[in-house]
Amino acid sequence: VSKELEGRFQDVVRDFGPALWRLSRGYEHDPEKRRDLHQDMLVAIWRALPSFEGRSALKTFVLRVAHNTACGHVAKNKRIAIEQLVSLEQVDESSSPETRLDVERLAELVRSLAPLDRQLILLHLEGLDPLEIAEVTGLTKTNVTTKVHRIKALLAKRFGLE
Amino acid sequence: MKHARELWSKDDSPTPEVTMEEILTRSDRLRRQVRTSTALELLAGAFVVVYFILMATIPGFAARLPALSRIGAALIACAAVFVLTYLVLRSARPEPRADVSTLACYRADLERRRALLASVPKWYIAPFWPGTALFFAGIAVEHWGRPGAGPVLVLCAIVVVAINAAIALANARAARKLATELASLPKADE
Chain A
8 VSKELEGRFQ
18 DVVRDFGPAL
28 WRLSRGYEHD
38 PEKRRDLHQD
48 MLVAIWRALP
58 SFEGRSALKT
68 FVLRVAHNTA
78 CGHVAKNKRI
88 AIEQLVSLEQ
98 VDESSSPETR
108 LDVERLAELV
118 RSLAPLDRQL
128 ILLHLEGLDP
138 LEIAEVTGLT
148 KTNVTTKVHR
158 IKALLAKRFG
168 LE
Chain B
171 MKHARELWSK
181 DDSPTPEVTM
191 EEILTRSDRL
201 RRQVRTSTAL
211 ELLAGAFVVV
221 YFILMATIPG
231 FAARLPALSR
241 IGAALIACAA
251 VFVLTYLVLR
261 SARPEPRADV
271 STLACYRADL
281 ERRRALLASV
291 PKWYIAPFWP
301 GTALFFAGIA
311 VEHWGRPGAG
321 PVLVLCAIVV
331 VAINAAIALA
341 NARAARKLAT
351 ELASLPKADE
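Residue numbers (the working numbering), protein chains in the order written: chain A, 8 to 169; chain B, 171 to 360.
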C-alpha cells in the first residue's frame, strides 16, 4: 500500500467521514447494518481511489462511489421490495405534518423513497447545489432543480422545515 | 423555521472510527467472500455433474438405467456445466464505480438483473430439457406396457413440466417488476 494513497484516503475519511455516516443513515435503520454499510462505502472508496484523476471534484467522486455502493446494498437487501418504495410525488401527495420533529423521522422518510429520489434528498440535505447533484446522479440540472423544489415543499409540509 | 440541513446534520451517534487496518482487512474479506461463494456454487454444480456422469457411465450406480436414459444423464451433466459457467460469469455484481453516475449505475444494475431473470427459460431451463426428455424417454420405453407404469410416467412428466413452468413464471414476474422500475427512471438527458 503506497503511503501517498493511504494519505489521500485518510484525507477522504477526515473530510467526508461524517457525511458518509449520515448517508448510511438514509439507507439503514439498524445500527449494525448501518455500520456495515458505512465500512463498505469506505472500502469501495479505498479501492476506487487509485482511479481518481481529478476530472471531477473529489466530493463528487466520493459521493458517487458511496451512493453506488449504497444502491447495491439496497438491491441486495431482499427484505425491501422495489414496489414498497415510493417516489417523491407519491409521498408528497400522502404527506401530513409530523407531530414530532426529529432526525429519525426525517431518516424514515428518506428510507421510504425509491433509490434515485433517496439519493437526491440525501445530496440536498448534505448541502450540494443542483449542479453538484446533477454531476453525482447524472440527471440534468433542470430535472434536479424540479426535484429539489419538490423535496423542499415536502420537507416544509411534513416537518415545517426550510 | 428550522433548516432541514441543520436537522439532518444532527446525529446522536458519533461517526465510527475506522482504521486503515480495518479497511484493508475488510477489503480482503470481500475478495475472499466472492471467491468462496463462487467456489461453493461450483462445488454444488460439480456434485450434480459427477452424479449424472456416474449415472451415464456406470451401470447400476443409481439404478439400472436404459441406454437412452444414460445419454440423457450425460446431457443433464453437460447442461449443469453450462448453467454453472453462465451463472458465475453473468451474475457477479460489478464493483461500485466512480466513473459512472449513480443513475447509470442503478440502471445498469437493474438491467443486469432484469436480463438475467427474463432469460431464465433460455439459460436455466432449456439446457436441461434435451437430457430430461431423453432420460424419461428411456425409462418410458423400458417400462412401456407394464401395469401402472403409464400413469406414473405421465405424473412424473407433469411434475417436471409444472416445476419448470413455475420457475419460468416466477422469474418472468420478477423481471417484469424490474422492467417497470427501469421504465420509470429518467433518461440522463431528460
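We put the CB at the ideal spot given by N, CA and C, even for glycine. Computed from a predicted structure; not experimentally measured.
Nearest chain B C-beta to residue i closer than 9 Å, yes or no?
| i | result |
| --- | --- |
| K159/A | yes |
| S94/A | yes |
| A121/A | yes |
| T152/A | no |
| R118/A | no |
| G61/A | no |
| E142/A | yes |
| D22/A | no |
| E13/A | yes |
| S58/A | yes |
| P25/A | yes |
| P137/A | no |
| H36/A | no |
Find out if the Cβ-Cβ distance for the pair residue i, residue j is shorter than 9 Å.
| i | j | result |
| --- | --- | --- |
| V258/B | T208/B | yes |
| L92/A | S119/A | yes |
| A250/B | V218/B | yes |
| E133/A | H80/A | no |
| L254/B | G215/B | yes |
| W178/B | L113/A | yes |
| N341/B | A288/B | yes |
Taking Cβ positions only, does residue i come closer than 9 Å to chain A?
| i | result |
| --- | --- |
| L273/B | yes |
| R175/B | yes |
| I193/B | yes |
| T206/B | no |
| L200/B | yes |
| L355/B | yes |
| M190/B | yes |
| D269/B | yes |
| R343/B | no |
| R234/B | no |
| E281/B | no |
| R346/B | no |
| R196/B | yes |
| E351/B | yes |
| T302/B | no |
| W299/B | no |
| D359/B | Here D359/B scores only 49 on pLDDT, less than 50, and its place in the model should not be relied on; the value that follows carries that caveat. Yes, D359/B lies at the interface with chain A (some Cβ there is under 9 Å from its Cβ). |
| P291/B | no |
| Y276/B | yes |
On the criterion of 16 or more Cβ atoms from any shown chain inside 10 Å, does residue i qualify as buried, or is it exposed?
| i | result |
| --- | --- |
| T144/A | buried |
| S9/A | exposed |
| S58/A | exposed |
| A160/A | exposed |
| L235/B | buried |
| G167/A | exposed |
| E126/A | For the sequence presented, residue 126/A should be read as Gln rather than Glu. Looking at its Cβ environment, which holds 16 or more other Cβ atoms inside 10 Å, Q126/A is buried. |
| T189/B | exposed |
| T227/B | exposed |
| C326/B | exposed |
| T272/B | buried |
| G320/B | exposed |
| E351/B | buried |
| D359/B | Because the pLDDT of D359/B is 49, which lies under 50, any placement of that residue in the model is unreliable, and the question is left without a value. |
| H131/A | buried |
| P317/B | exposed |
| L146/A | buried |
| T76/A | buried |
Contact the stretch 341–360 of chain B vs the stretch 276–288 of chain B: 3+ CB pairs below 8 Å: Contact holds: three or more Cβ-Cβ distances are below 8 Å.
The stretch 191–199 of chain B / the stretch 44–53 of chain A touching (three or more Cβ pairs under 8 Å): In this structure the stretch 191–199 of chain B touches the stretch 44–53 of chain A; the number of beta carbon pairs closer than 8 Å is three or more.
The stretch 238–245 of chain B touching the stretch 38–48 of chain A, judged by at least three CB pairs closer than 8 Å: By the Cβ test, the stretch 238–245 of chain B is not in contact with the stretch 38–48 of chain A, since fewer than three Cβ pairs between them sit closer than 8 Å.
Stretch pair the stretch 208–227 of chain B + the stretch 58–73 of chain A: three plus CB contacts closer than 8 Å: Per the Cβ contact rule, the stretch 208–227 of chain B is not in contact with the stretch 58–73 of chain A (fewer than 3 Cβ pairs under 8 Å).
contact_flag[the stretch 142–155 of chain A, the stretch 9–19 of chain A] where n(CB pairs < 8 Å) is 3 or more: The stretch 142–155 of chain A vs the stretch 9–19 of chain A: no contact.
Cβ contact (3+ pairs, closer than 8 Å) linking the stretch 282–292 of chain B and the stretch 306–323 of chain B: Judged by Cβ distances under 8 Å, the stretch 282–292 of chain B makes no contact with the stretch 306–323 of chain B, as fewer than three pairs qualify.
Three CB pairs or more closer than 8 Å across the stretch 178–189 of chain B and the stretch 309–318 of chain B: The stretch 178–189 of chain B is not in contact with the stretch 309–318 of chain B.
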